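Take a look at the structure below.
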Amino acid sequence: MDIDAFLNEVSDTDLRLPAVAPTAVGSPEKMDALFHLPLLALAIMVIARQTPFRTTLLGRKIAMLLVEHFVALANSPQGVETSLTLRRRCADALAFLEAVRLVSVSSDNQRVVTLTEIGRRELDKAMQEESDLGLLVRQFRVKQDRVKARVGDER
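Residue 511 is where the sequence shown ends in the working numbering, and the numbering goes up by one at each step.
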């Protein structure tokens, strides 16, 4: 069908589309945009760049950084920190980073996440960029400093 003919036909009718009310945001599991693997992987790298941490603290550290960066999460009735979806996707992001050798996880009982030399170089390079990625990395770094100042360094 010809698009111009279709548009003319539609404009000749009195076609009205109903407005759809936005759904209320409930549990953090509905905030899937914040739980995308690239965002979580970047957050893991920023946190590990400053201080290596145990995998048992992964979900908590990521949640605190996200809440510090995205102010609306602080006002959420549910704690992002308790989100199973966030924890599962953080584990996926960590597995991805480990597979591409940007982070390493110690094989001892502590399971400490550290940034590899390649990961450090790539993160530092991203931080220097004058792009949205560079801005996000720099903001994450500042927010992580705030989290550490407020909560302290958990090990």
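C-beta: ideal position from N, C-alpha, C; glycine also. All of these numbers come straight from a predicted model, not from anything done at the bench.
Tell me the DSSP bridge mates of residue i?
i	result
M469	Checking the sequence, you will find Val at residue 469 rather than Met. BP columns for V469 point to F409, V461.
Would residue i and residue j qualify as a contact pair, given that the criterion is a beta-carbon distance under 9 Å?
i	j	result
A449	A482	no
K504	Q406	yes
Apply the 10 Å Cβ neighbour rule to residue i and answer buried if 16 or more other Cβ atoms are within range, or exposed otherwise.
i	result
A430	exposed
E365	exposed
R445	buried
S439	buried
A455	exposed
I403	buried
V493	buried
E424	buried
I359	exposed
Give the single residue among the options whose Cα lies nearest to the Cα of residue i.
i	options	result
V507	V402, H392, M420, P394	M420
E473	N465, E486, L489, L453	L453
T470	E478, D464, L458, R477	L458
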